[in-house]
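Enquirer: So that we are looking at the same thing, I have put the structure below in structure tokens.
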Amino acid sequence: MSTAEKETLGFQTEAKQMLQLMIHSMYSNKEIFLRELISNASDAADKLRYEALADGALYEDDPDLRIRITLDKDANTLTLSDNGIGMSREEVINNLGTIARSGTAEFLKNLSGDGKKDSQLIGQFGVGFYSAFIVAERVEVFTRRAGLTAADAVHWESSGEADFSIESCEKADRGTTVILHLRKEDIEFTDDWRVRSIIKKYSDHISIPVQMLENVPAAKEGEEQKVPEFEAVNSATALWTRSRSDVTEEEYQAFYKHVSHDFSPALHWSHNKVEGKLEYTSLLYLPGQAPMDLWNRDAARGLKLYVQRTFIMDDAEQFLPLYLRFVKGVIDSNDLSLNVSREILQQDPAVDAMKSALTKRVLDMLSKLAKSDVEKYQQFWKAFGQVMKEGPAEDFSNKEKIAKLLRFATTHDNKAEQTHSLEDYVARMKEGQTKIYYVVGESHKTASSSPHLEVFRKKGIEVLLLSERVDDWLMNHLAEFDGKSFLDVGRGDLDLGDLEDEAEKKAHEASAEAHKDLVERVNTVLTDKVEKVRVTSRLTESPACLVVTEDDMGAQMRRMLEAAGQALPPSKPVFELNPEHPLVLKLDKETDEDRFADLVGILFDQAHLAEGAQLDDPAGYVHKLNKLLLELSA
């Protein structure tokens with residue numbers, strides 16, 4: 001191809017920023033680049049195996065898949081070659097010219113400035129190849145996709161700055177060769193022993209051989225010098241096929257980083273072989289931190305699927321429900337066809353059976369972790385708790401198991417970071433308590449300061465503090481736990497059952513009767529804004545509060561749906577007054593109806609603010625409040 005046909009293309013803006021981070025030693029551990037390149041080469045081999053199921057000619061009379069690494073100290077280069085699927089020109093531009101198309105900008109927003117922490121985020125965005133620029137001042141890629149001609153090969157080159165070049169070239173064999181022109185200070189990566197130790201450390205689990213030239217001693221005088229041959233450095237055995245007792249923790253962690261592209265260690269894992277009606281092996285991991293696309297329910301997710309040790313697909317989402325989308329790992333089945341597709345997976349009863357079993361295995365793994373290591377489970381909950389709260393609505397058959405895994409902040413200690421199980425809550429329930437009480441707020445501070453908690457604090461009754469966006473929705477699908485129903489303390493008439501004695505009930509009834517006229521006057525002022533006005537038994541310190549009617553949608557859910565553009569029917573709250581509060585007593589004695597209306601308006605708006613809500617007319621509230629303050633100071 002002539003030089004005129006050579007293209008120079010620019011990286012996208014976010015890609016430039018990402019490359020600069022890595023070039024300036026973003027990783028605290030430079031050797032990680034080799035693990036990433038080997039992992040990419042292994043994926044290329046897996047993809048060739050899969051495509052060759054339908055077209056065996058793609059092997060091109062070279063069926064023995066391998067990765068080869070050669071070192072040249074004189075040229076200061078490290079070269080990694082594979083005979084996997086390779087890439088076409090279009091694939092090279094898409095894969096090597098655009099970094100993390102779906103998430104780079106989001107990644108950059110989340111950078112902390114701490115190199116060690118930031119480096120752990122990179123693997124989540126599919127930029128493993130670019131780790132080469134940590135040690136290389138220039139990188140060349142020669143690649144040909146299986147099935148194309150030698151003349152269809154592509155040469156890509158970049159110094160990891162603003163742009164890259166791409167041109168056609170000749171390449172007789174399929175696959176990809178990556179040449180790293182190392183920086184002078186990184187000559188250590190041309191040392192044979194050093195590179196072998198890195199391969200054993202990070203890539204021993206790769207299921208195809210990672211080869212290097214054998215070390216051949218110099219021939220003695222009169223002997224013919226032996227020509228070195230390539231030999232496997234790694235074990236080249238699929239890790240999940242080995243016995244659990246033969247796999248070390250370091251190997252499990254290395255394999256997790258391979259399948260997840262996560263630079264931080266896994267939190268926990270479960271390795272299991274099933275025999276009988278169904279035969280399959282699973283290796284499931286709980287990540288230690290949440291990926292940036294966790295809340296994108298349409299993002300790629302799922303397990304790596306193998307059939308009889310042959311790679312079939314990445315992100316096979318059919319084997320776990322959506323609320324467990326954070327689980328990483330491998331499933332290798334003996335019961336599925338080698339030509340299985342995503343469409344066939346959706347209709348296969350064997351897949352349904354495996355999904356059910358794998359879901360229970362993950363839930364059991366979480367249950368055991370919660371009991372054996374509270375600190376680790378808290379780490380898991382902090383990262384994935386909100387996703388787990390989707391479970392009761394999505395997985396009715398496992399609702400009870402999921403409920404036991406849920407964690408909530410409560411008035412037991414009022415700490416947002418300290419969460420408690422429902423089992424712990426039930427164990428601490430008051431004698432005679434039959435319900436699990438909860439309050440919903442826009443934030444933990446709003447929930448823990450809610451006026452609805454006043455009577456519960458007075459009586460020493462624990463209340464769940466719900467402040468995450470999913471909580472209101474969750475409680476619509478979690479009717480009971482351990483035979484105890486849930487009750488929103490900010491909804492409907494408050495029923496404390498046996499926790500309220502007869503004297504208290506009679507006192508409340510008498511108070512309601514005694515303040516009928518006040519309730520009617522307030523109702524006249526707020527007639528367009530409230531469902532009704534009544535005397536409360538919830539409050540001990542605040543003058544008033546707002547209550548959601550029994551059949552109405554919660555305020556948190558309403559705000560969430562409105563933010564999503566949903567059209568909702570109008571809603572009016574119940575306005576409750578504390579007749580013992582000095583402000584309400586003063587209100588009852590007010591004879592000036594205009595002043596009375598202003599005072600009612602102030603109390604109503606204050607009740608809104610206590611809920612963490614926005615006022616419809618904040619300027620009007622300020623005006624009424626200032627007017628009152630001026631009158632008091634006159």
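The sequence shown begins at 1 in the UniProt record's numbering and counts up one residue at a time. Every residue, glycine too, gets a C-beta built ideally from N, C-alpha and C. Since the model is a prediction, treat every value here as computed from it, not as a measurement.
Grab the span of the alpha helix (DSSP H) containing N476 for me, first residue to last.
Expert: That residue, N476, is in no alpha helix (DSSP H); it is neither H nor E in DSSP.
Enquirer: Per DSSP, Q386 is paired with what?
Expert: Partner(s): none; Q386 has no beta bridge.
Enquirer: Mapping DSSP to helix, strand and coil, what is K435?
Expert: Strand at K435.
Enquirer: Which of helix, strand or coil does DSSP assign to residue 684?
Expert: Because residue 684 is not part of the residues shown, which for the chain are 1 to 634, the question remains open.
Enquirer: Roughly how many whole angstroms lie between the Cα atoms of A619 and L518?
Expert: Looking at the two C-alpha atoms, the distance is approximately 27 Å.
Enquirer: Closest by CA to A254, which one among Y202, L213, D293, R559?
Expert: Ranking the options by Cα distance to A254, first place goes to Y202.
Enquirer: Is the separation between the beta-carbon of R538 and that of V600 shorter than 8 Å?
Expert: No; because the gap between Cβ atoms is not below 8 Å, this pair is not in contact.
Enquirer: In the DSSP assignment, find the beta strand (DSSP E) that holds V141 and state where it starts and stops.
Expert: Segment 136-144, the beta strand (DSSP E) holding V141.
Enquirer: Look up A503 in the DSSP assignment and say whether it is helix, strand or coil.
Expert: If DSSP states are grouped into helix, strand and coil, A503 belongs with the helices.
Enquirer: Taking just the CA atoms, how far does N296 sit from L48?
Expert: Their backbone Cα atoms lie some 29 Å apart in a straight line.
Enquirer: To the nearest angstrom, report how far apart T310 and V351 are at their CA atoms.
Expert: Straight-line Cα distance between these residues: approximately 17 Å.
Enquirer: How far does the beta strand (DSSP E) with L526 in it extend, from its first residue to its last?
Expert: Here L526 belongs to no beta strand (DSSP E), and DSSP marks it neither H nor E.
Enquirer: Using only alpha-carbon positions, find the residue among T241, S467, P209 that is nearest to V233.
Expert: Checking every option, the nearest Cα to that of V233 belongs to P209.
Enquirer: Please report how far the alpha carbon of Q566 lies from the alpha carbon of G460, in whole angstroms.
Expert: Roughly 39 Å separates the two Cα atoms.
Enquirer: Please confirm whether L213 and P228 have their CB atoms less than 8 Å apart.
Expert: The answer is yes: Cβ separation under 8 Å.
Enquirer: Just curious, the alpha helix (DSSP H) that residue 635 is in, first and last residue?
Expert: This structure cannot settle anything about residue 635, because the visible part of the chain is limited to 1 through 634.
Enquirer: Identify, in the order they occur along the chain, each residue of the same chain with its Cβ nearer than 6 Å to the Cβ of A607, setting aside the five sequence neighbours on each side.
Expert: Closer than 6 Å at the Cβ level, and outside the excluded window around A607, lie A544, C545, L546.
Enquirer: So what's H268 in DSSP terms, helix, strand or just coil?
Expert: If DSSP states are grouped into helix, strand and coil, H268 belongs with the strands.
Enquirer: Can you check the segment 135-201 for any beta strand (DSSP E) of at least 3 residues that lies completely inside it and give the ranges in chain order?
Expert: With a minimum length of 3 residues, the continuous beta strand (DSSP E) runs that stay inside the segment 135-201 are 136-144, 153-158, 163-169, 175-182.
Enquirer: I'd like the list of long-range same chain contacts for A514, defined as Cβ closer than 8 Å, with 5 residues on each side in sequence excluded.
Expert: The answer, listed in chain order, is P579.
Enquirer: Going along the chain, which residues of its own chain have a beta-carbon closer than 8 Å to the beta-carbon of V247, five neighbours each way excluded?
Expert: So the qualifying residues of the chain are L239, H271.
Enquirer: Tell me the DSSP secondary structure of R491 in three-state form.
Expert: Strand.
Enquirer: By the three-class DSSP mapping on this structure, what secondary structure does D395 have?
Expert: The answer is coil: DSSP assigns D395 none of H, G, I, E or B.
Enquirer: Which residue's Cα is closest to the Cα of G10: D192, M87, A162, Y437?
Expert: The candidate whose alpha carbon is nearest that of G10 is A162.
Enquirer: I'd like the ranges of any alpha helix (DSSP H) spanning at least 4 consecutive residues and lying wholly in the segment 524-587.
Expert: Fully enclosed alpha helix (DSSP H) runs of 4 or longer: 555-563.
Enquirer: Could you give the residue range of the beta strand (DSSP E) that holds E231?
Expert: Where E231 is concerned, the enclosing beta strand (DSSP E) stretches over 230-232.
Enquirer: Helix, strand or coil for G329 per DSSP?
Expert: It is a strand residue.
Enquirer: Taking Cβ to Cβ, would you say T190 is nearer than 8 Å to D72?
Expert: Yes, Cβ-Cβ distance for T190 and D72 is below 8 Å.
Enquirer: So does the segment 349-364 actually touch the segment 313-320, counting three or more Cβ pairs closer than 8 Å?
Expert: At 8 Å Cβ cutoff, the stretches touch.
Enquirer: Output the boundary residues of the beta strand (DSSP E) element that contains L465.
Expert: 464-466 is the span of the beta strand (DSSP E), which, as asked, contains L465.
Enquirer: Return the Cβ separation of residue 635 and T434 in integer angstroms, given the expectation that the two are a contact with Cβ distance under 8 Å.
Expert: Outside the shown range of the chain (1 to 634) lies residue 635, about which nothing can therefore be said.
Enquirer: What are the start and end residues of the beta strand (DSSP E) that includes residue 719?
Expert: Outside the displayed range of the chain (1 to 634) lies residue 719, so it cannot be described from this structure.
Enquirer: If you draw a straight line from the C-alpha of L283 to the C-alpha of G222, how long is it?
Expert: For L283 and G222, the distance between alpha carbons rounds to 55 Å.
Enquirer: Give the DSSP-derived three-state secondary structure of F486 in the structure shown.
Expert: Note: F486 maps to strand in three-state DSSP.
Enquirer: Are the segment 520-533 and the segment 475-482 touching, with three or more C-beta to C-beta distances below 8 Å?
Expert: The segment 520-533 is not in contact with the segment 475-482.
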